Amino acid sequence: MSTTEDTAQVAEPTVRPVLAAAVELARAAVVELGQGPVGPHLGVHAEPDPDGAAATHRFAAELAGYRGWEWAVVVAAAPDATAATVSEVVALPGADALVSPTWLPWEERVRAGDLGPGDLLPPPVDDPRLVPGYLASDDPAVEEVALEVGLGRRRVMSRDGRLDAAERWFEGTSGPAADVAVAATLPCGTCGFYLPLAGSLRAAFGVCGNELAADGRVVHTEYGCGAHSDTVVADGAATPVTELVRDDSQLDLVEPAAAPQPAEPDQAAELDQAAEPDQAAELDQPAELDEAAEPDEAVPVE
Ligand code: SF4
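Per our numbering, the sequence shown runs over residues 336 to 637.
Here is the structure:
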């Protein structure tokens, strides 16, 4: 049993001699374009034609800015012809050519975050994230309730769409594994600022209404932050207590210095006796001032 690969090998068309010999004819066709020098001949291969009437010669294209490109010259000859003619000349990227990425339709290129102010981004016709919504009834009471619970719109999110959204939110920056949530002690599910979503997503997601936290973002019920409504900070001085502590168990008791007392006459005399002559002279100044006084009178010594 033959495989597709075997068939391709067997079916490889051969180039007729008249076409294989048309190398210079093909080169002249490229030169005639006036696009610059033409590189060496790279080969020839037959085109898939049942009569073998066409083949393509390839030449290196020495064009500025087209590294790795080749000139492809298609030559043709009728089954009974003895000379070939040029059918087409075109530059094509070779195996090593520098080419742009494979083209993608714009709707496949758009990524999250690309949508800017004023941009329009209609969903694809068969968007799997959307399914037809229920039609509004003629009963105003029913319509009011239907709109409140999400009915009455032309299309609503499909189950797949909601599961995709839930997965993104769970794994995103407002999910339970986010750094802020891991460090928090209380979860959003118990927070007064937590506004649960409607519908099936209500079980796990809500919107944070705290302008100082994740305001307006969808948060997981196990997400959390330090601005939880039950957050309590212990009262007390902001200054570390250790800076205010005074250790009074190790006091150094120091006797205050005694104030000098006026000397008694006897004590003054004793001091005069012990004093050096100069010091005694200073102490005897009152006696000197009293020039009439006798030394015995100035210094009563018993
Ligand atoms: S304030 Fe914090 S804990 Fe409360 S809902 Fe917002 S993010 Fe969650």
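For glycine and all other residues, C-beta sits at the position ideal for the given N, C-alpha and C.
Note that the structure is predicted; figures quoted are calculated from it, not measured.
- Closer than 8 angstroms to some heavy atom of the ligand SF4: that does not describe the Cβ of P531.
- For the pair L360 and A412, the Cα-to-Cα distance works out to about 13 angstroms.
- Here the stretch 552-565 makes contact with the stretch 502-521; the two share three or more CB pairs at distances below 8 angstroms.
- Put simply, the stretch 380-398 does not touch the stretch 441-461. Fewer than three CB pairs are less than 8 angstroms apart.
- Residue pairing by DSSP places V484 in no beta bridge whatsoever.
- CA-CA distance, A592 to L586, rounds to 18 angstroms.
- Annotated three-state conformation of W441 is helix, per DSSP.
- In the DSSP assignment, E359 falls within the alpha helix (DSSP H) that extends over 358-368.
- In this structure, the ligand SF4 has no non-hydrogen atom nearer than 8 angstroms to the beta-carbon of F540.
- Approximately 6 angstroms separates the beta-carbon atoms of V409 and A389; this is inside 8 angstroms, confirming the contact.
- One alpha carbon belongs to G534, the other to V484, and they sit about 8 angstroms apart.
- A395 and G374 do touch by the CB rule: their CB atoms are close to 3 angstroms apart, below 8 angstroms.
- Relative to the ligand SF4, even the nearest heavy atom lies 8 angstroms or more away from the CB of G403.
- Secondary structure of P352 (DSSP, three-state): helix.
- The C-beta of E405 has 16 or more other C-beta atoms within 10 Å across all chains shown, which makes the residue buried.
- One thing to note: P348 has its Cβ no nearer than 9 angstroms to the Cβ of G403.
- Excluding its 5 nearest sequence neighbours in each direction, E423 has C-beta neighbours in its own chain below 7 angstroms: V409, listed in chain order.
- Counting of Cβ neighbours within 10 angstroms places V353 among the buried residues, the total reaching 16 or more.
- Secondary structure at F528: coil, using DSSP grouped into helix, strand and coil.
- For L450, no beta strand (DSSP E) segment is defined, and its DSSP state is neither H nor E.
- Residue pairing of R393 in beta bridges, as defined by DSSP: G378, A407.
- When secondary structure is reduced to three states using DSSP, G534 falls in the helix class.
- Note on V517: under 16 other CB atoms within 10 angstroms of its CB, so exposed under the neighbour-count rule.
- Excluding five sequence positions before and after A549, the CB atoms of its chain that fall closer than 7 angstroms to its own CB belong to S509, C543, C560, given in chain order.
- Per DSSP, reduced to three states, the secondary structure at E546 is coil, with no helix or strand assignment.
- DSSP lists A396 as the bridge partner or partners of V373.
- DSSP places V553 in no alpha helix (DSSP H) but in the uninterrupted beta strand (DSSP E) bounded by 553-555.
- Contact annotation, R490 with L465: C-beta distance approximately 4 angstroms; criterion of less than 8 angstroms satisfied.
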